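Chemist: Numbering (the working numbering), first residue to last: 218 to 291. Here it is, the structure, as structure tokens.
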């Protein structure tokens, strides 16, 4: 896949690969999202992964919000 952008590679991808070690894709309330695992047993939303524009208007799915591990659907 080719990604055309005026941004440099370093602006798009993080420099430190270790920053990705705590990230995973989960489902909360039927919505897929990329989250960071926190030390206190919660997860913090990094990126919502949805094709529905209405999902991005929902205040519950703003990057930075935290969810309990019990909210994650298996």
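Ideal placement from N, C-alpha and C gives every residue a C-beta, glycine not left out. Predicted model, so just to flag it, every value in this text is computed and none were measured.
When DSSP labels each residue in this structure, what does residue 224 get in the three-state scheme?
Modeler: On the chain shown, residue 224 is found 7 positions in, with the first residue counted as 1. Correct three-state label for residue 224: coil.
Chemist: Is there contact between the segment 275-286 and the segment 254-265, where contact requires at least three CB pairs shorter than 8 angstroms?
Modeler: yes
Chemist: Out of 286, 249, 220, which one is the CA nearest neighbour of residue 269?
Modeler: On the chain shown, position 52 is the one that residue 269 refers to. Among 286, 249, 220, the Cα nearest to that of residue 269 is on 249.
Chemist: Determine whether the beta carbon atoms of residue 251 and residue 274 lie at a separation below 8 angstroms.
Modeler: In the chain shown, residue 251 corresponds to position 34, counting from 1. In the chain shown, residue 274 corresponds to position 57, counting from 1. Not in contact: residue 251 and residue 274 (Cβ atoms no closer than 8 angstroms).
Chemist: Let's test the definition: count the other Cβ atoms within 10 Å of the Cβ of residue 243 and tell me whether it reaches 16, buried, or not, exposed.
Modeler: Reading the chain shown from its first residue, position 26 is the one you call residue 243. With 16 or more Cβ atoms within 10 Å of its Cβ, residue 243 is classed as buried.
Chemist: Quick one, are the C-beta atoms of residue 253 and residue 240 less than 8 angstroms apart?
Modeler: Here residue 253 refers to the residue found at position 36 when the chain shown is read from its first residue. Here residue 240 refers to the residue found at position 23 when the chain shown is read from its first residue. At the C-beta level, residue 253 and residue 240 come within 8 angstroms of one another.
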